[in-house]
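Colleague: First, the structure itself, so that you have it in front of you.
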Amino acid sequence: MRKRKTKEEDRLIRVLQSLGVYESSDIECLRDDIERQIIQSEINRIIDANPEIAESYTNKDRGIKSSVEVDQWYDGGTNQEDINKAILRVGTNANKETHKESKAKKVIKAFISEGYFGYLKLRKLIGKPLEHPVLRPWYAGELVRIPSLVNPGGKVTLLEGTYTLSGKIQAKSNLVLEGNGWQNTRLLMATSSYAIDLSNYDNITIRELEIDGNNRAYGPERVISGNGCNDITVERIFMHDHGSEYGVEIWNGDRIRVQDSKFTRIGQSGDSDPVSIQQCNYVWVVGNTVYDSVYEYRAGAIEVQDGGGIVIVADNEIHKSQVGIVVSSHGYDTTSPIKRAVVGFNHVEVYNVDEHSGKYQAGIWMGGNGNYGAGGARAIVGNVIKVNCMAGDHGINSWNTGIRVYNHVEDVTIIGNIVDCAAFQQERGNACISIHYVNDIDKRIIVSSNILLNAYQAGILIENGNEQEIVISNNICYGCEKGIHIKDGDYIFIEGNNLRGNTTAITVESGKNTHGWIRNNPGYNPVGVSSISVGSSPFTYTAGSSPETVYIRGGTVSDISVDGTTLFTDSGHSIDLEPHQSVTVTYTDAPTMVKYVH
């Protein structure tokens, strides 16, 4: 195919040179004549379709003696045979003429001898590029070049059928490439190139197409690729069976949208992300379906890394993926924080490949976003996450998680999510929600009003230190080994959670969360009284993580103080203490002290 096209182009060049056309400027003197003949041809096309209006045009308007007919898609379907017939008609008419064939006419014949692509090239050359070419599958061989010939702001429409690509389609700025619905228009990828390259061009929309990866086990990394491109929209496409890594990968751009599309069996050779947006500002990934992306432990579904501005990942359905959604600054990079992110109302089902590959499994993973300055906020809200995970030989850790907040993440609200860690089998993920520190502080995090079920380790897991200013409130944890497990961290406030039905309601490791509190959590806080062992005078007692009432009876007491302030000078009183607050009793004969934990 390539050799034949090269020969055709060489023939066109030789014919043009024989007519004295060596540079584009050589055709300028013929431009008006060429444009006139093309207009006359279009008038004749309209009259052929509507004979009743023929009288509205003169013979001069129609250019009957010297017109060139160029059939187009709306003649009922143009193919190379139709174009050849048009050329033959031109030649026949020319032979009948008494005068010599015009040079402009010869130029037109030379171009249209290359087919529809030649016609588009001629329109481009005379400064009248077509606004909206509409193609049929027999033009698939030319499709890789046609976008360069369309008028900026125009679009290329592919009618129903299969277009077998000979290489990548090189998009141009201000272009719409559309099919006739993904059920009708199919692009079959070449074996050694992307389907569509957007790099260094802006304002491009790709829509209403099926893109078939051609079942390649290996090949080019991406189906749709774009580096340094802005204002990109990919919508209503169906992409499948791409053997290498990425479906849509765009980086170093602004205002990127991937929406209302379907991706399946992407990245069968291993590491994969059907949608990967990196180092881009203002990203929307909305309303997509991703199915069957589990091939190794790094396989994912939707990934947005680095960049800034606003990131919205919402209303997506993800089935059978190792990692569902990642919004991150690539683990440790805090130089390009994502300032405002919403991951909301997604339905995510995550699997691991086998028991040895579960290390990186997570439904939603938000991490590494770093310091942001004023105006930052991140929300994980209203998602339904089902986890099918075997802990495997990686041990019990926070990786196998429904929602994972990881490594220097600030100002995150996790609210209204449902996470079930035993959705498909009895093997269970380690945690429904985990907050995990690596190199820096995770702080100002709210975990509220979530329903968290069947976790192997904990419904909510705080681990590895430096987590600060965390509020855990009004959650329901059920069927977990531990409802809430504080392995490390401080200034963690746990209140109003329903923790009935877990093996252990709350576990706080020794010496941790010394400035936080635990209060009013049904299923955890004891009801009733217990004795306090009174030490030597003056004796100081400090409440634990929950509010307490301390009752002091009998003995000979001279002073009862809280925070250095004397409240009473005798026995027979009750003292209400906040978490970690202390009461000091001075006596000559030890009283009896009893505490009630709220």
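Here the sequence shown is numbered in my numbering, starting from 3 and rising by one per residue.
Idealized CB from N, CA, C, for every residue including glycine.
These numbers come from a predicted model, not from an experiment.
Flag this pair as touching only if the region 532-543 and the region 508-518 have three or more C-beta atom pairs under 8 Å; answer yes or no.
Modeller: At 8 Å Cβ cutoff, the stretches do not touch.
Colleague: Going by the CB atoms, is the gap between I304 and V277 shorter than 8 Å?
Modeller: Contact flag set, yes.
Colleague: What distance in whole Å lies between the Cβ atoms of H242 and G215, which are believed to be in contact at a cut-off of 8 Å?
Modeller: Going by Cβ atoms, the distance from G215 to H242 rounds to 6 Å, so yes, they are a contact pair.
Colleague: Could you tell me the distance, in whole angstroms, from the CA atom of L127 to the CA atom of N153?
Modeller: Their backbone Cα atoms lie some 11 Å apart in a straight line.
Colleague: I need the straight-line Cα distance from I206 to L177, nearest angstrom please.
Modeller: If I take the Cα positions, the gap works out to 5 Å.
Colleague: Alpha carbon to alpha carbon, what distance is there between W140 and G183?
Modeller: Using only the alpha carbons, I get a separation of about 18 Å.
Colleague: Would H600 and P524 be called neighbours here (beta carbons separated by less than 8 Å)?
Modeller: No.
Colleague: So for P549, helix, strand or coil by DSSP?
Modeller: Here P549 sits in coil by DSSP.
Colleague: Quick one: give me the first and last residue of the alpha helix (DSSP H) that K597 is part of.
Modeller: Premise fails: K597 lies in the beta strand (DSSP E), T594 to V599, not in any alpha helix (DSSP H).
Colleague: Using C-beta distances below 6 Å, list every residue in its chain close to N627, excluding the 5 sequence neighbours before and after it, in chain order.
Modeller: No statement about residue 627 is possible, as the shown extent of the chain runs from 3 to 600 and does not include it.
Colleague: Taking 8 Å as the threshold (C-beta atoms), are I464 and I488 in contact?
Modeller: In this structure, I464 lies closer than 8 Å to I488 by Cβ.
Colleague: Within a Cβ cutoff of 6 Å, which residues of the same chain sit near I279, ignoring the five residues on either side of it in sequence?
Modeller: For I279, where only same-chain residues beyond five positions count, the Cβ hits under 6 Å are I252, I258, V285 and V306.
Colleague: I believe I320 touches N348 by the beta-carbon criterion, under 8 Å. Please report the beta-carbon distance rounded to the nearest angstrom.
Modeller: Between N348 and I320 the Cβ distance is about 7 Å, and since that is below 8 Å, they are a contact.
Colleague: Ordered along the chain, which non-local residues of its own chain (more than five positions away) have a Cβ less than 7 Å from that of V260?
Modeller: Excluding sequence neighbours, V260 sits near V236, V250, V277, V287 and N290.
Colleague: Quick one: residues in its chain with C-beta nearer than 8 Å to the C-beta of L122, no 5 flanking neighbours on either side, listed in chain order?
Modeller: The answer, listed in chain order, is P131, L132, P135, I148, L151 and V152.
Colleague: If we count Cβ pairs, one from each stretch, closer than 8 Å, do we get three or more for the region 553-569 versus the region 513-524?
Modeller: Contact fails: fewer than three Cβ-Cβ distances are below 8 Å.
Colleague: Tell me whether E580 is buried or exposed, calling it buried when 16 or more other Cβ atoms sit within 10 Å of its Cβ.
Modeller: The residue in question, E580, is exposed, as its Cβ has fewer than 16 Cβ neighbours within 10 Å.
Colleague: What's the gap between the Cα of Y598 and the Cα of G574?
Modeller: The alpha-carbon atoms of Y598 and G574 are separated by roughly 15 Å.
Colleague: Specify the secondary structure class of D199 as computed by DSSP and reduced to three states.
Modeller: Three-state DSSP puts D199 in a strand.
Colleague: Considering only their Cβ atoms, is the gap separating I437 from I472 smaller than 8 Å?
Modeller: Yes, they are a contact pair.
Colleague: Would you identify the three-state DSSP class for G143, choosing helix, strand or coil?
Modeller: In the structure shown, G143 sits in a helix (DSSP, three-state: H, G or I).
Colleague: Whole angstroms is fine: what's the gap from I520's alpha carbon to I496's?
Modeller: Those two C-alpha atoms are separated by around 5 Å.
Colleague: Going by beta carbon distance, what residues of the same chain come within less than 8 Å of V596, once the five residues before and after it are set aside?
Modeller: These residues qualify, in order along the chain: V531, S532, S533, I534, V552, Y553 and R555.
Colleague: Mind checking Q281: buried by the 16 CB within 10 Å criterion, or exposed?
Modeller: Under this definition Q281 is a buried residue.
Colleague: Near N229, what residues of its chain come up, given a Cβ to Cβ distance below 6 Å and the 5 sequence neighbours on each side ignored?
Modeller: So the list reads S201, W253 and N254, once near-sequence residues are dropped.
Colleague: Excluding five sequence neighbours on each side, which residues of the same chain lie with their C-beta closer than 7 Å to the C-beta of R446?
Modeller: Closer than 7 Å at the Cβ level, and outside the excluded window around R446, lie E412, D413 and E471.
Colleague: Using a 10 Å radius around the Cβ and a threshold of 16 neighbouring Cβ atoms, would you call L179 buried or exposed?
Modeller: By the neighbour-count rule (16 or more Cβ atoms within 10 Å), L179 is buried.
Colleague: Taking C-beta to C-beta, are R238 and R267 nearer than 8 Å?
Modeller: Contact: no.
Colleague: I think V559 touches D572, with their Cβ atoms under 8 Å apart; what is that distance to the nearest whole Å?
Modeller: Indeed, because the Cβ distance is near 6 Å, the residues count as touching under 8 Å.
Colleague: Thinking G406 and A364 are a contact (beta carbons under 8 Å), I'd like their distance in whole angstroms, please.
Modeller: In the sequence as presented, Gly is not what sits at residue 406; that position holds Arg. Correct: roughly 5 Å between the Cβ atoms.
Colleague: Check T588 in the structure and name its three-state DSSP category.
Modeller: T588: strand per DSSP, three-state reduction.
Colleague: Starting from G302, trace the beta strand (DSSP E) both ways and give me its first and last residue.
Modeller: Segment G302 to Q307, the beta strand (DSSP E) holding G302.
Colleague: List the whole-angstrom C-beta distance separating S227 from Y196, where the pair is believed to meet the contact cut-off of C-beta under 8 Å.
Modeller: So it is a contact: roughly 5 Å between Cβ atoms.
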